[in-house]
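Below: one structure, written as structure tokens.
Residue numbers (the working numbering), protein chains in the order written: chain A, 79 to 282; chain B, 43 to 141.
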């Protein structure tokens, strides 16, 4: 169950029209390491997570990622809301404009549509938590790349906030992985799937 | 006392962020007393601010809706002086600063 709160997690007030920047940051909406993939990854993995506290963490981080997706979408919207056809033509937004005008549609910066293959829900607590740790680092790298390319301060501030959140999530997932390992059966030296194999049960 | 809608929203963003960050921390450290105390402080400030924001402007969540307050003129109210569902008042969050 979810409730909507009528505000962004961090303010987005962009007064410049720049479709080119929108085409770059759209990767954090529908790209391989974007916020849509992040929320779907965690919210899909949580059901079979054997440790209740970790399933709770996946729920809370997955929920925050939805708010991050909304921030990215607000940024793209504000960068393109006053664009003219001429702006779209000269600013690398022409191909996107043909299919979507100025609407939001999840795709990567390179134009590849959003795809569930961009995240894993493997059904093994150790595997999935490693995926989550890597995902946070990949998103952080993408934000670093955006910060190297984009110089509009009104875009950089919310991007810096989102980048910092990836680091916090990485930290929390690290603790979740340690917590899961602590609860593994002591004979499970090789971290055999504690989520499915009943001969290596996990302590609750 | 926070002066403008903007100031009040900014403080709501700040305390709500405190709660989100503390929630994740407490998910993995559920017995940390210092974090629990901070959580309680932010939680009570947020509750008061959300109520105050609804009274002066518009509700930010459906739980904040109080129809008795709907007749006052909040921000972007299309039904001033009229009893109405004031969840529809106020700007959309993604509109931001651009005209």
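Virtual Cβ for every residue (Gly too), placed ideally from N, Cα, C.
For clarity, every value in this text was computed on a predicted model and none was experimentally measured.
Proximity of residue 176 of chain A to chain B, defined by a Cβ-Cβ separation below 8 Å, is not satisfied.
Cβ contact annotation for residue 96 of chain A (same chain, cutoff 6 Å, sequence separation greater than five): 157, in chain order. Burial state of residue 162 of chain A is exposed, judged by a 10 Å Cβ sphere holding fewer than 16 other Cβ atoms. Listed along chain B is no residue with a C-beta nearer than 9 Å to that of residue 100 of chain A; the closest approach is about 13 Å.
Within 9 Å of the CB of residue 51 of chain B, the CB atoms of chain A belong to 85, 89, in sequence order along the chain. Sequence-distant partners of residue 125 of chain B (beyond 5 residues in either direction) whose C-beta falls short of 8 Å from its own C-beta, in its chain, are 109, 112, 113. Each residue's CA atom was taken as its position, placing residue 264 of chain A and residue 131 of chain A some 20 Å apart. Proximity of residue 257 of chain A to chain B, defined by a Cβ-Cβ separation below 8 Å, is satisfied. Nearest in C-alpha terms to residue 55 of chain B, of all of B:104, B:95, B:130, is B:95. The Cβ of residue 78 of chain B sits no closer than 8 Å to any Cβ of chain A.
In chain order, 135, 138, 139, 142, 246, 247, 250 make up the part of chain A whose C-beta sits under 8 Å from the C-beta of residue 66 of chain B. The beta-carbon separation of residue 61 of chain B and residue 142 of chain A, rounded to 11 Å, does not stay under the 8 Å limit for a contact.
Taking CB atoms only, residue 122 of chain B has no neighbour in chain A less than 8 Å away. Here DSSP, grouped into helix, strand and coil, assigns residue 191 of chain A to strand. DSSP places residue 185 of chain A within a strand segment (E or B) once states are collapsed to three. Residue environment for residue 134 of chain A: buried (at least 16 other C-beta atoms within 10 angstroms of its C-beta). With 16 or more neighbouring CB atoms inside 10 Å of its own CB, residue 131 of chain B falls in the buried class. A:259 is the residue among A:259, A:189, A:274 whose C-alpha sits nearest the C-alpha of residue 267 of chain A.
With a cutoff of 8 Å on beta-carbon distance, residue 117 of chain B and residue 137 of chain B are scored as not near each other.
Rounded to whole angstroms, the separation of the alpha carbons of residue 231 of chain A and residue 223 of chain A is 15 Å.
In terms of Cα proximity to residue 138 of chain A, the closest of A:129, A:117, A:149 is A:117. Chain order gives the chain A residues near residue 132 of chain B as 84, where near means a beta carbon separation below 7 Å.
The C-alpha of residue 185 of chain A lies about 42 Å from the C-alpha of residue 76 of chain B. Taking the beta carbon of residue 103 of chain B as reference, the chain A residues within 8 Å of it are 81, 82, 83, 84, listed in sequence order. The segment 96-108 of chain A makes contact with the segment 170-183 of chain A; the number of CB pairs closer than 8 Å reaches 3 or more. The DSSP assignment places 172-178, 203-227 as complete runs of the alpha helix (DSSP H) inside the segment 169-247 of chain A, in order along the chain (cut-off: 4 residues).
Nearest neighbour of residue 257 of chain A by Cα position, chosen from A:84, A:82, A:92, A:128, turns out to be A:128. In this structure residue 78 of chain B does not touch residue 84 of chain A by the C-beta definition: roughly 29 Å separates them, more than the 8 Å allowed. In summary, no residue of the segment 171-204 of chain A has a CB separated from any CB of chain B by less than 8 Å. The residue from A:86, A:92, A:200 with its alpha-carbon nearest to that of residue 160 of chain A is A:92. In this structure, DSSP gives residue 97 of chain A a helical state, which the three-state scheme calls helix.
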